[in-house]
Amino acid sequence: MIKRLLRTTPLGFRLSVYFVFSLIIVALCAPYLANDVPYYIRYNNHKYYPLFSGQKVLVLDNGTKVSCDYKNLAAVEGLYALYPPVPFSPLKTHIGSADYKMPGSQNGERTHWLGTNQLGEDTLARMIHGTRVSIQVGLISMLIALVLGLVLGSLAGYFGNQGITMQRLHFLLLLMSIIPAYFYAFVIRKYVIKRAFEQSNELALVQVFISLLVFVLIILLFWWLGKLLLSIKKIKGGKLMHLPLDNMIGRLVEFVDGLPVLVLLIVVSVIIKPGIYLLILLIGFTAWISIARYTRAEVLKIRRSDYMHACKLMGMSHWRIIFNHLLPNAMGPALVAFTFGVASAILAESSLSFLGIGIPDDVVTWGKVLADGRDHFKAWWLVWSPGLAIFLLLLAVNTIGQYLRKNTHSAETLR
Amino acid sequence: MQSLLVVVLLTIITFSLSLNSPTDPVDVWLGRGDDIGTKGNAEQQWQQKKRIRQQLGYNLPVFYLQLCPATFPANYYLINDPSLRSLFKEACYDGFSGRVLLPYFRQFEEQVLYNKNLAQNREIQIAIQQFGIYKKFTEHEAFLTHIEKLVGEEEKTGIHNLIEMLHTAYMQKSRWKQFVPTLHFYPNNQYHIWLFGNGNERKGIIRGDFGLSVQNKKTVWSRIAKALPVTLLLSALSIGISLLLGIISGLVLGYFQHKSWTSIFNSFLFLLYTIPSFWLATLLLVYFANPQYFNWFPPGGLRPANDYLHSNGIGWSSVPFLVLPVLTLAYHSYAVLTRMVRKGTEEAMDSLYIFSARARGLSEPRILFKHAARNVLLPVITVTASILPALFSGSVVVETIFAIPGMGQELLKASLKNDINVVMAIFTISAVLSVLGYLISDILYTVFDPRIKLHRL
Chain A
5 MIKRLLRTTP
15 LGFRLSVYFV
25 FSLIIVALCA
35 PYLANDVPYY
45 IRYNNHKYYP
55 LFSGQKVLVL
65 DNGTKVSCDY
75 KNLAAVEGLY
85 ALYPPVPFSP
95 LKTHIGSADY
105 KMPGSQNGER
115 THWLGTNQLG
125 EDTLARMIHG
135 TRVSIQVGLI
145 SMLIALVLGL
155 VLGSLAGYFG
165 NQGITMQRLH
175 FLLLLMSIIP
185 AYFYAFVIRK
195 YVIKRAFEQS
205 NELALVQVFI
215 SLLVFVLIIL
225 LFWWLGKLLL
235 SIKKIKGGKL
245 MHLPLDNMIG
255 RLVEFVDGLP
265 VLVLLIVVSV
275 IIKPGIYLLI
285 LLIGFTAWIS
295 IARYTRAEVL
305 KIRRSDYMHA
315 CKLMGMSHWR
325 IIFNHLLPNA
335 MGPALVAFTF
345 GVASAILAES
355 SLSFLGIGIP
365 DDVVTWGKVL
375 ADGRDHFKAW
385 WLVWSPGLAI
395 FLLLLAVNTI
405 GQYLRKNTHS
415 AETLR
Chain S
2 MQSLLVVVLL
12 TIITFSLSLN
22 SPTDPVDVWL
32 GRGDDIGTKG
42 NAEQQWQQKK
52 RIRQQLGYNL
62 PVFYLQLCPA
72 TFPANYYLIN
82 DPSLRSLFKE
92 ACYDGFSGRV
102 LLPYFRQFEE
112 QVLYNKNLAQ
122 NREIQIAIQQ
132 FGIYKKFTEH
142 EAFLTHIEKL
152 VGEEEKTGIH
162 NLIEMLHTAY
172 MQKSRWKQFV
182 PTLHFYPNNQ
192 YHIWLFGNGN
202 ERKGIIRGDF
212 GLSVQNKKTV
222 WSRIAKALPV
232 TLLLSALSIG
242 ISLLLGIISG
252 LVLGYFQHKS
262 WTSIFNSFLF
272 LLYTIPSFWL
282 ATLLLVYFAN
292 PQYFNWFPPG
302 GLRPANDYLH
312 SNGIGWSSVP
322 FLVLPVLTLA
332 YHSYAVLTRM
342 VRKGTEEAMD
352 SLYIFSARAR
362 GLSEPRILFK
372 HAARNVLLPV
382 ITVTASILPA
392 LFSGSVVVET
402 IFAIPGMGQE
412 LLKASLKNDI
422 NVVMAIFTIS
432 AVLSVLGYLI
442 SDILYTVFDP
452 RIKLHRL
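Protein sequence lines, in the order shown, are assigned to chains A and S. Numbering-wise, the first sequence is residues 5 to 419 according to our numbering. Numbering-wise, the second sequence is residues 2 to 458 according to our numbering.
What follows is the structure in structure tokens.
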């Protein structure tokens with residue numbers, strides 16, 4: 005099916021898909037593509053696989069210790085090593101290659117295919133590792149945004165302002181629940197999250213999601229508590245009222261839309277110096293609004309269709325209707341917004357790292373390589389290779405987005 | 002109303018961000034780096050810092066309300082040093098009773114960190130760095146027992162006292178109190194002073210006083226008054242150029258939609274829409290401001306160096322300096338506007354009122370520029386108003402690359418130095434400007450479209 009899909013689509017779209025996927029593969033395999041630790045070493049009939057086993061120091065059978073990188077291994081006689089295609093690590097400086105060596109210049113037996121910067125770091129290795137950051141920021145942040153946007157947009161569209169009725173007391177209880185939910189999810193867990201960010205990024209993401217889960221769970225708890233309370237006959241809950249879910253989410257969307265996101269991102273990244281995962285979270289939590297808008301509009305359209313009425317008549321639960329029948333049909337426009345969001349997230353990250361803010365020193369990005377080129381105009385390779393890479397990636401993503409928009413009818417009418 | 006709420010929340014966010022900054026604004030005010038209390042007379046330095054912190058209002062709590070665990074006391078701001086303060090907060094959030102721990106922290110500050118005798122003891126200063134007492138509360142006990150051996154008789158009792166206090170704090174560590182929410186209310190706080198002033202030298206933002214900048218000890222307004230016209234000029238020029246060119250090329254492209262040459266131009270527009278502005282700016286600098294290729298434009302700044310002698314600001318001599326920045330700011334909105342106008346024109350040319358205009362025998366230019374354009378250009382007003390905030394964030398990038406002393410650069414410098422007053426002022430001004438933009442666009446709508454009338458705002 006995918007084969008046929010690719011055959012019938014225009015050339016530009018196909019090329020873009022291939023380009024993006026090859027970059028994703030490069031990002032996944034970056035340590036195996038550009039590294040100065042060899043895949044395989046043969047010495048005195050002993051075999052070692054340092055890149056896969058992860059050992060930093062090699063103990064040879066005659067007792068000598070050698071650290072596993074090109075410079076030290078090349079000094080050992082009679083040792084055969086098989087290196088990755090780019091035998092340089094991105095953050096290592098090479099003494100012989102300092103001061104902007106041209107592309108194709110030699111360092112011993114190795115070649116800098118894309119030249120070096122002032123410190124002697126290999127540009128191609130940095131480009132390959134920089135792919136990781138761009139792809140990570142683009143995809144992970146927009147996946148967060150996609151989940152948020154789909155959930156909030158479909159809730160707003162499906163229930164509207166009149167979908168949920170409750171008694172006044174129940175509503176008041178629900179409104180009050182925001183304070184304990186915020187307290188238990190974010191206030192007392194503040195330092196847990198902060199320490200997790202200092203330890204490792206993956207752990208921090210997990211902690212943030214636990215916090216979000218706690219937030220939602222506490223609000224749900226208050227909801228059930230309210231139901232339980234009001235089921236007691238003596239307690240009177242006041243008049244019945246509609247929960248204005250659509251208005252509430254609409255206000256939230258308007259508020260986030262009013263934020264000057266890039267300026268805020270700049271200020272936040274300068275003041276608290278986040279790692280890339282905090283940056284990803286920040287982009288994700290501000291980029292969901294367009295997805296939510298598209299989803300809401302699509303859900304509003306689908307809600308009036310016959311099969312929705314059929315679902316309701318069959319007595320399905322709201323949950324099942326939303327997730328099994330509504331969302332799969334309302335995803336199209338959200339995907340369009342997702343694609344354009346990926347492009348703007350990548351652009352935001354590379355602008356920030358070009359300005360030299362927000363990304364820690366031990367992470368290589370395309371923006372940083374370009375920033376090196378800004379200091380020294382004669383090094384055209386430092387200007388062209390990262391710039392072209394960012395440009396082509398954005399072009400590919402935007403082309404995919406435009407094709408999707410053209411073929412998702414409802415999205416085209418929206419904008 | 003909406004945007005007012007956004008501004009209020011934005012300023013609150015910025016204020017709470019300033020707390021988490023590793024840079025202490027008082028150090029910036031004193032023109033010092035990160036090293037605290039290692040040189041000179043520690044006690045004097047501490048007194049000076051304390052005085053300045055009080056004078057600038059940084060010793061106050063940040064906001065009216067604070068939701069925190071029951072272990073966290075309301076008078077936590079009595080601790081002077083900001084990094085020690087956040088350490089105290091962390092300890093309280095972990096369950097230590099703040100009531101017991103607060104006197105410990107205050108005495109620790111006074112007797113260990115800002116003690117005259119201890120500041121001259123090299124071993125103790127090394128120990129302060131080694132144990133990381135600003136970062137880890139768990140190391141405090143080991144640190145104190147370590148330095149107890151090193152200090153003289155005078156301080157020995159004090160430090161022994163501190164260890165005792167630490168022990169009681171550990172004894173009274175609570176298992177459940179940190180899970181009980183409490184709400185503290187502070188009538189006198191930094192945000193309040195920023196808004197309404199403190200009755201003395203601070204007048205508050207409602208009287209147009211943005212406070213002092215810690216970078217050069219002058220008013221924020223004096224910094225912004227220099228930077229604002231530059232950014233406004235850049236934005237106005239780039240909006241004007243992109244509007245003019247965008248409308249013309251959009252109308253022409255839409256009119257000739259079936260000609261084959263338009264598709265080439267359309268793909269060019271798509272490229273222009275995609276190209277990152279910082280890369281384009283770098284390329285322009287490399288190829289048009291470089292003696293190696295074309296040395297047509299100066300590489301950065303606002304005026305020739307010798308002109309600065311006569312005046313700051315912008316003059317006629319800065320025209321070549323503005324070409325590249327304006328180009329970089331304008332190209333993206335140009336692409337957006339052209340695509341929009343083109344699409345509108347394409348739809349308009351197929352519509353019935355154009356058909357009827359043709360049937361009446363009007364000339365083609367008249368049809369395009371009089372009949373089609375009037376309807377196509379209405380949405381342009383809204384889009385232009387929404388471009389304004391984007392231009393501001395774009396100016397951060399452009400001003401940094403071309404070294405232009407505008408608002409964007411001011412914002413970047415201020416956030417690097419944790420100069421919160423400047424950041425807040427820039428946020429407020431840009432929000433006010435974007436509200437003004439929307440207001441003007443609403444008014445322009447009624448001017449250009451007689452069907453729309455403003456009844457109430």
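Every residue gets a Cβ at the ideal spot worked out from N, C-alpha and C, and that includes glycine.
- Comparing alpha carbon positions, the residue from S:251, S:159, S:216 closest to residue 348 of chain S is S:251.
- Secondary structure note for residue 360 of chain S: its alpha helix (DSSP H) is the uninterrupted segment 353 to 360.
- Taking the beta carbon of residue 94 of chain S as reference, the chain A residues within 7 Å of it are 192, 194, 195, listed in sequence order.
- Residue 290 of chain S carries a strand assignment under DSSP once its states are collapsed to helix, strand and coil.
- In this structure, the beta-carbon distance from residue 52 of chain S to residue 81 of chain S does not fall below 8 Å.
- Straight-line spacing of the CA atoms in residue 82 of chain A and residue 70 of chain A works out to 14 Å.
- Using a Cβ distance threshold of 8 Å, residue 331 of chain S and residue 8 of chain S do not count as a contacting pair.
- In terms of beta-carbon proximity, residue 180 of chain S lines the interface with chain A, with at least one pair separated by less than 8 Å.
- Going by beta carbons, residue 164 of chain S and residue 148 of chain S fall outside the 8 Å limit.
- Classified as buried, residue 409 of chain A has 16 or more neighbouring CB atoms from the shown chains inside 10 Å of its CB.
- Residue 221 of chain S counts as buried, since at least 16 other C-beta atoms from the protein chains shown sit within 10 angstroms of its C-beta.
- For residue 328 of chain A, the three-state secondary structure derived from DSSP is helix.
- Within the same chain, and ignoring the five residues on either side of residue 201 of chain A in sequence, the residues whose Cβ sits closer than 6 Å to its Cβ are 208.
- The stretch 316 to 332 of chain S makes contact with the stretch 297 to 306 of chain S, as at least three CB pairs between them are under 8 Å.
- The continuous stretches of alpha helix (DSSP H) do not include residue 381 of chain A, and DSSP gives it neither H nor E.
- Residue 164 of chain S carries a helical assignment under DSSP once its states are collapsed to helix, strand and coil.
- Across the structure, residue 98 of chain A and residue 129 of chain A are spaced so that their CA atoms are roughly 13 Å apart.
- A Cβ-Cβ contact shorter than 8 Å links residue 362 of chain A with residue 283 of chain A.
- The DSSP assignment places 154 to 172, 191 to 197 as complete runs of the alpha helix (DSSP H) inside the stretch 153 to 239 of chain S, in order along the chain (cut-off: 4 residues).
- In this structure, residue 172 of chain A sits near residue 242 of chain A, with a CB-CB distance shorter than 8 Å.
- Beta-bridge pairing by DSSP links residue 135 of chain S to no other residue.
- Taking C-beta atoms as the reference points, residue 79 of chain S and residue 93 of chain S fail to come closer than 8 Å.
- Proximity to residue 388 of chain S across S:90, S:70, S:237, S:402 peaks at S:237, based on C-alpha coordinates.
- Cβ neighbours of residue 277 of chain S within its own chain (closer than 7 Å, five residues either side excluded): none.
- Shown here for residue 367 of chain A: same chain residues with a beta carbon closer than 7 Å to its own, the five before and five after excluded, namely 137, 280 in chain order.
- For the pair residue 162 of chain A and residue 326 of chain A, the CB atoms are nearer than the 8 Å cut-off.
- Taking C-beta atoms as the reference points, residue 376 of chain S and residue 211 of chain S fail to come closer than 8 Å.
- When the Cα atoms are used, residue 75 of chain S and residue 131 of chain S turn out to be separated by approximately 31 Å.
- Around the CB of residue 50 of chain S, 16 or more other CB atoms lie within 10 Å, so the residue is classed as buried.
- For residue 181 of chain A, same chain residues with a beta-carbon under 7 Å away, outside a window of 5 residues either side, are 222, 223, 226 in chain order.
- Taking 8 Å as the threshold, the shortest C-beta distance from residue 296 of chain S to chain A does not fall below it.
- For the pair of segments examined, the stretch 385 to 404 of chain S was found not to touch the stretch 353 to 368 of chain S: the number of CB pairs separated by less than 8 Å stays below three.
- Listed along chain S are 271, 274, 275, each with a C-beta nearer than 8 Å to that of residue 402 of chain A.
- Residue environment for residue 90 of chain S: buried (at least 16 other C-beta atoms within 10 angstroms of its C-beta).
- One finds 274, 275, 361 in chain A with Cβ atoms closer than 9 Å to the Cβ of residue 417 of chain S, taken in chain order.
- With fewer than 16 other CB atoms across the displayed protein chains lying within 10 angstroms of its CB, residue 106 of chain A is exposed.
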